[in-house]
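Structure first, commentary second.
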Amino acid sequence: MTDANAILGRINPSYLLGGEMKLFLDGTRRVIDEKIARPLGIDVERAAEGIIAVINANMIRGIRRVSVEKGYDPREFSLVAFGGAGPLHAVELAQALNMTNIIIPQYPGIASAFGMLSADVRHDYVQTYIAVSNKVDAKRLQSIYQQMEKQGIHQLSNEGFSDQSIIMHRYADLRYVRQAYELQVPVKNGTLTTEYISSVAESFHAQHEINYGYARRSEPVEFVNLRLVALGKLPEMQPAKTISRGKNALEPIDYREVFFEGTSSLKTTIYKREHLHKGQQILGPAIVEQLDSTIVIFPNYQAVTDSYGNLLITNQRE
Amino acid sequence: MRQIDPITLEVMRNAFQSVAEEMGAALIRTALSPNIKDRRDCSTAIYTGDGELVSQAEHIPLHLGLMVSVVKKTLEKFPIERLEPGDAVITNDPYISGSHLPDIVMITPVFIDGKCIALLANLAHHVDIGGIVPGGMPTISTEIFQEGLRIPPVKFRKRGEIDEEIMNIITNNVRTSYETKGDFQAQLAANNVGERRIREIISKYGKDMVSFYMSGIMDYAERRMVTSIEKLPKGTFSFEDYLEGDGLTDNLLKIRATLTIENDRILVDFTGTDTQAKGSVNCTRAVTLACVYYALKSAIDPELPSSAGTFRPVEVNTPLGTLVNPKFPAPVSNGNINTSQRITEVVLGALSKTICERVPAASTGSMSIFTIGGVDPRNGEYYSYVETYGGGQGALVNQDGMDGVHVHMTNTMNTPTEVIEIAYPLRVERYGLVPDTDGPGRFRGGLGLTREITIIDHHATIAIGTERRKIRPWGLMGGKPGGGSDSWLVSPEGEKKPLPSKVTRQVEPGTRIVLRTAGGGGFGDPLERILQDISRDVEEGLISIEMAREEYGVVFNQGAGQIDEDSTALVRKKARR
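First to last, the sequence lines map onto chains U and C. Using this note's numbering, you'd call the opening residue of the first sequence number 45 and step up by one each time. Using this note's numbering, you'd call the opening residue of the second sequence number 303 and step up by one each time.
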């Protein structure tokens, strides 16, 4: 896929990872010519376009699976493209799905790593405890939760969390006797009493009513599993408005021939992501290069940077 | 006139589909009887305000066909004008448009501004419905009255309140009142969930737009079916096959179908089928339609979305008073189990005469029902174990049939051995595949299943309904028939007693019952089967070395488990002559 993008001029073969990794374009062309283009009787660029068409079709199917096939209309959403390669394909995917807005985060290549680093650390514990609610032993319940809490604290403090940054949530899985599936309801921290346990059964009835439209308040309810979620809280990360309006006009760093669709290439303006200031407009065909990604702006598309550093791509005709 | 936007059409079609699936999930998650919660013998669907099927969750093919007609037919008896918000109508009457009495359908309307915009329905196979045997599927009934309680369309819930009087009439007449009550509530839950989601869709798109696209979805399905029919070779093709008795006698019963493929429609005529049986193997017209729809869809365009539009181009003639459309009050409890499978294979058989490459060889040929009921000695309560068993799937033009699976008109999960042993006073002694029941072929049919169950500490009533004992599942293009079914019991004293293919009887504590289902037919010449596949089957214990030699012409080196290729070539050459 990277080879195909390089053949079409969409990737700069000498600027991968800011120039630290070189692509050998001749070798790439030779392999694609031998293995794909010549057997099919087409030229190398058509073969490269074919490779991209196939991979795009796969990604489109993936997006449809989480939108159309669940009854959501993708036209009502924006497409966020991340990963090193996402922004190479974003315009074509959005076009195929009739989506009007594309958002490219400031550092698309490290978006997943950013997400992982800003998420809380979570450990899940579960212990089976089967008993009809009016026969539950409150002390036993309490001690099972406490045991799991001890494990959670031990685990999280080993990972460097202080007591203040550790939070516990207790839950229980309940069902009506002879059902095969449970519902999860919250359980309070601290000391548990018999009266409190009957209120847990009551919240199960209420939850069942919300989920399925009825509750069987006169029927016995069964505890099945006790669960504990131990969270190690990390400081919340807020994106900052760090991008200001530029004083000077945006200058291209280069021009090169790029194939978009059809048989001939177009002379395409190349920009550097770090040079983009808030509000500056780029008209396609254009390519924006940065250390962790390459962004392809097709003809008839335009892009503008917001104050958070996101690049917003839209169709000029819309 | 508003234009259909293809993207909105696809989004709405999927939205309705996921509503139907959510309804199914709610039903399964809240039900009490293993029949629904573990085996998932239920279906859910969405209709227009006047009862045309828009979308359904694909659980059971037999229900797929039933769901098309049941709501419309019920509305003929119970007009929409009599419905109010919060009502729920139930019925299980096979003579309106049902299958058999344990299948109870529940229909609820969705009203917007005083107008019924949509109907939601779900169908669940209840674990008991009264009648002469537990489970409501006797093999010995001669009229429908013996098969259980027949509920005409009635309002089970009125303006949001369950009618306890109706609930009591039903629960008084079944052996499993606790489960039945819980399962009715699960059926209500399914439609509650569906109504909430449908209202969300209506509030987003508006009720006119939703109605417009509902008919758009049906028209799309119709156009697609017509397009598929246009591509088929035209002509008239007949096929016939037999049922092995009606539960009372072993007399063969003929089912015959004549298929006429025209430019833009298909006619299926069952003229020539035997008159209705005295026993319970009759199929209502709704079940027969389900079989025809399923067979056509699977052979012609499996991806076809199911809606009322899909089968507009299909015309089916079911002469009244025959096995495929009996006159009241003929018994019908076992039509689903065996006859539906035979009807399906007769239609597929007719198709095999023109598009053989898209049709499987005959499969296990029955849903092989096995029910056990009695009083559980552990708690003194009545129980009823109902399970249908898979068998061998027929082989296809390019692949083997699957082993031990449900085929064609049913799709239920099995009841796990652990669940049987926890829920019932029964012990499972064996559960597995039956070697050498494959129909030999270039691609072989699947193997049949066996289960052996011992009755613990109580007297029980058992009922078994199987097929394909004498007339084994046919192969195609030189493929051979699959192995037949069998059943027997072993008395507490260890004496083996054969059982007929359909039987209802009392058994003593400690009796072991053994059920074996039929395999599937083969496809193509067995002498052309790839050697590696045969040696794999032998290695996995699925076929014996003797069968490999006799049917496939393959010789194994003595003791080594390796194929002797020279001898094999010689044997196969001789066999071909």
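Note that CB positions come from ideal geometry on N, CA and C, so glycine has one too. Because the structure is a prediction, the values reported are computed rather than measured.
heavy atom of the ligand HEM below 8 Å from residue i C-beta
{"i": "residue 121 (chain U)", "result": "Ligands in the displayed structure: none, and consequently the ligand HEM is not present."}
Given residue i as reference, the closest of the options once Cα atoms are compared
{"i": "residue 420 (chain C)", "options": "C:453, C:501, C:697", "result": "C:501"}
{"i": "residue 541 (chain C)", "options": "C:638, C:776, C:305", "result": "C:776"}
{"i": "residue 443 (chain C)", "options": "C:551, C:838, C:721", "result": "C:551"}
{"i": "residue 363 (chain C)", "options": "C:732, C:877, C:755, C:708", "result": "C:708"}
{"i": "residue 388 (chain U)", "options": "U:164, U:252, U:357", "result": "The structure shown has nothing for residue 388 (chain U), since chain U only spans 45 to 362."}
{"i": "residue 864 (chain C)", "options": "C:535, C:852, C:841, C:874", "result": "C:841"}
{"i": "residue 225 (chain U)", "options": "U:320, U:350, U:145, U:252", "result": "U:252"}
{"i": "residue 610 (chain C)", "options": "C:516, C:393, C:764", "result": "C:516"}
{"i": "residue 184 (chain U)", "options": "U:249, U:236, U:353", "result": "U:236"}
{"i": "residue 87 (chain U)", "options": "U:51, U:234, U:173, U:343", "result": "U:51"}
{"i": "residue 332 (chain U)", "options": "U:46, U:48, U:56", "result": "U:56"}
{"i": "residue 383 (chain C)", "options": "C:335, C:784, C:352", "result": "C:352"}
{"i": "residue 748 (chain C)", "options": "C:781, C:600, C:396, C:306", "result": "C:781"}
{"i": "residue 600 (chain C)", "options": "C:361, C:654, C:660", "result": "C:660"}
{"i": "residue 685 (chain C)", "options": "C:706, C:853, C:725", "result": "C:725"}
{"i": "residue 196 (chain U)", "options": "U:167, U:145, U:123, U:179", "result": "U:167"}
Residue-chain proximity (residue i, chain C), Cβ-Cβ < 9 Å
{"i": "residue 252 (chain U)", "result": "yes"}
{"i": "residue 115 (chain U)", "result": "yes"}
{"i": "residue 112 (chain U)", "result": "yes"}
{"i": "residue 260 (chain U)", "result": "yes"}
{"i": "residue 85 (chain U)", "result": "no"}
{"i": "residue 222 (chain U)", "result": "yes"}
{"i": "residue 142 (chain U)", "result": "yes"}
{"i": "residue 366 (chain U)", "result": "No information on residue 366 (chain U) is available, as it lies outside the stretch 45 to 362 that chain U covers here."}
{"i": "residue 105 (chain U)", "result": "no"}
{"i": "residue 119 (chain U)", "result": "yes"}
Minimum Cβ-Cβ distance from residue i to chain U less than 9 Å
{"i": "residue 355 (chain C)", "result": "no"}
{"i": "residue 480 (chain C)", "result": "yes"}
{"i": "residue 473 (chain C)", "result": "no"}
{"i": "residue 336 (chain C)", "result": "yes"}
{"i": "residue 305 (chain C)", "result": "no"}
{"i": "residue 494 (chain C)", "result": "yes"}
{"i": "residue 320 (chain C)", "result": "yes"}
{"i": "residue 711 (chain C)", "result": "no"}
{"i": "residue 358 (chain C)", "result": "no"}
{"i": "residue 392 (chain C)", "result": "no"}
{"i": "residue 490 (chain C)", "result": "yes"}
{"i": "residue 816 (chain C)", "result": "no"}
{"i": "residue 312 (chain C)", "result": "yes"}
Distance, residue j Cα to residue i Cα
{"i": "residue 200 (chain U)", "j": "residue 275 (chain U)", "result": "8 Å"}
{"i": "residue 635 (chain C)", "j": "residue 457 (chain C)", "result": "24 Å"}
{"i": "residue 37 (chain U)", "j": "residue 330 (chain U)", "result": "The displayed coordinates of chain U run from 45 to 362. Any statement about residue 37 (chain U) would go beyond what the structure contains."}
{"i": "residue 568 (chain C)", "j": "residue 716 (chain C)", "result": "35 Å"}
{"i": "residue 855 (chain C)", "j": "residue 597 (chain C)", "result": "34 Å"}
{"i": "residue 523 (chain C)", "j": "residue 114 (chain U)", "result": "19 Å"}
{"i": "residue 307 (chain U)", "j": "residue 148 (chain U)", "result": "28 Å"}
{"i": "residue 712 (chain C)", "j": "residue 198 (chain U)", "result": "52 Å"}
{"i": "residue 813 (chain C)", "j": "residue 546 (chain C)", "result": "26 Å"}
{"i": "residue 217 (chain U)", "j": "residue 483 (chain C)", "result": "23 Å"}
{"i": "residue 773 (chain C)", "j": "residue 820 (chain C)", "result": "10 Å"}
{"i": "residue 849 (chain C)", "j": "residue 722 (chain C)", "result": "34 Å"}
{"i": "residue 710 (chain C)", "j": "residue 414 (chain C)", "result": "39 Å"}
Per-residue contacts from residue i into chain A (C-beta, under 8 Å)
{"i": "residue 487 (chain C)", "result": "No chain A is part of this structure, whose protein chains are labelled U and C."}
Would you call the region 579-593 of chain C in contact with the region 619-638 of chain C, where contact means no fewer than 3 C-beta pairs closer than 8 Å? yes
Mind pulling the alpha helix (DSSP H) runs of 4 or more residues that sit fully within the region 423-508 of chain C? 466-474, 479-507
Runs of beta strand (DSSP E) lying entirely within the region 555-604 of chain C, each at least 3 residues, in chain order: Runs of the beta strand (DSSP E) inside the region 555-604 of chain C: 568-571.
If you scan the region 180-247 of chain U from start to end, which runs of the alpha helix (DSSP H) of 4 or more residues do you find wholly inside it? DSSP runs (the alpha helix (DSSP H)) wholly in the region 180-247 of chain U: 182-202.
Within the region 51-85 of chain U, note down every full alpha helix (DSSP H) run reaching 4 residues or more, in order along the chain. 69-76
Where in the region 661-749 of chain C do unbroken runs of the alpha helix (DSSP H), each at least 4 residues long, occur, reported from the N-terminal end onward? 719-725
Unbroken alpha helix (DSSP H) runs of length 4 or more, entirely within the region 314-398 of chain C: which are they? 336-339, 363-379
Taking contact to mean at least 3 C-beta pairs separated by less than 8 Å, is the region 419-436 of chain C in contact with the region 473-489 of chain C? yes
Within the region 774-800 of chain C, note down every full beta strand (DSSP E) run reaching 3 residues or more, in order along the chain. 788-792, 798-800
To test your reading of the DSSP string, which unbroken beta strand (DSSP E) runs of 3 or more residues are found completely within the region 272-360 of chain U? DSSP runs (the beta strand (DSSP E)) wholly in the region 272-360 of chain U: 298-302, 310-316, 325-327, 330-334, 337-341, 345-349, 355-359.
Any 3 or more C-beta pairs closer than 8 Å across the region 589-606 of chain C and the region 404-417 of chain C: no
Does the structure place the region 695-702 of chain C close enough to the region 719-739 of chain C that three or more beta carbon pairs sit under 8 Å? no
Below 8 Å, can you find three or more Cβ-Cβ pairs linking the region 290-304 of chain U to the region 201-214 of chain U? no
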